[in-house]
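Q: Numbering (the numbering used here), first residue to last: 10 to 188. Okay, handing you the structure first.
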């Protein structure tokens, strides 16, 4: 049961809720927030583990998360910042807000309806044989490794281990291989 309808509930007026989980006890994590920031940091999981984060209004910050098979992030109104994450695959979507994903390794499907998308891979992670990357900015520019790309779509890499799709409907797309 939620705390929003019960003023006597101990979390009804809380501005922050902190959960600490022993490192060997976490396989799956699901967080739903209707208003407020969600911060997740310092988690190590297993390849069959999954993290799901949904926020209606408020930012999402995820950092130093490793080993999980899946990361699913959806923000209706608010930016998403991800830093230092290595997962099998991630789906990161925002209806209204920018996406900033740094020091990432894994497959990625990133989509922002209204806001730019910036992605940088972990140093040394990229190779053409490992990654396949497709970028699209419907109403904005595309930049790869600091170079402006002519046109609104660009693809490179011929790998099959990690597939990256990045799309912004109203904003620019920047991608850095860090190679």
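The C-beta atom is built at its ideal place from N, Cα and C for all residues, glycine as well.
Residue 136 to residue 168, Cα distance in whole Å?
A: For the purposes of this step, residue 136 is taken as the residue at position 127 of the chain shown. For the purposes of this step, residue 168 is taken as the residue at position 159 of the chain shown. For residue 136 and residue 168, the distance between alpha carbons rounds to 8 Å.
Q: Among the residues of its own chain, which have a CB less than 8 Å from the CB of residue 124, if the five just before and after it don't count?
A: If you number the chain shown from 1, residue 124 lands on position 115. Closer than 8 Å at the Cβ level, and outside the excluded window around residue 124, lie 88, 103, 105, 106, 107, 108, 177, 179, 180.
Q: Assign residue 50 to one of two classes, buried (16 or more other C-beta atoms within 10 Å of its C-beta) or exposed (fewer than that).
A: Looking up residue 50 in the chain shown gives position 41. With fewer than 16 Cβ atoms within 10 Å of its Cβ, residue 50 is classed as exposed.
Q: DSSP three-state label for residue 57, please.
A: Counting from one through the chain shown, the residue named residue 57 turns up at place 48. Coil, per DSSP.
Q: If residue 172 sits next to residue 141, beta carbons under 8 Å apart, how far is it from one beta carbon to the other, in whole angstroms?
A: Within the chain shown, the letter at position 163 stands for residue 172. Within the chain shown, the letter at position 132 stands for residue 141. Contact holds; Cβ gap of about 5 Å.
Q: Thinking C-alpha only, which one of 122, 166, 116, 156 is nearest residue 138?
A: Numbered from 1 along the chain shown, position 129 holds the residue referred to as residue 138. The option with the nearest alpha carbon to residue 138 is 166.
Q: Which whole-angstrom value is the C-beta distance of residue 94 and residue 79, which I expect to be below 8 Å?
A: One-based indexing of the chain shown puts residue 94 at position 85. One-based indexing of the chain shown puts residue 79 at position 70. Their Cβ separation, rounded to whole angstroms, is 12 Å, which puts residue 94 and residue 79 out of contact at 8 Å.
Q: To the nearest whole angstrom, what separates the beta carbons of residue 43 and residue 66, a pair I think is in contact under 8 Å?
A: As a first step, residue 43 is located in the chain shown; it is residue number 34 there, counting from the start. As a first step, residue 66 is located in the chain shown; it is residue number 57 there, counting from the start. Right, the Cβ-Cβ distance comes to about 7 Å (below 8 Å), so this counts as a contact.
Q: Please report the straight-line C-alpha distance between residue 175 and residue 161, rounded to a whole angstrom.
A: Residue 175 sits at position 166 when you count from the first residue of the chain shown. Residue 161 sits at position 152 when you count from the first residue of the chain shown. One C-alpha to the other measures close to 12 Å.
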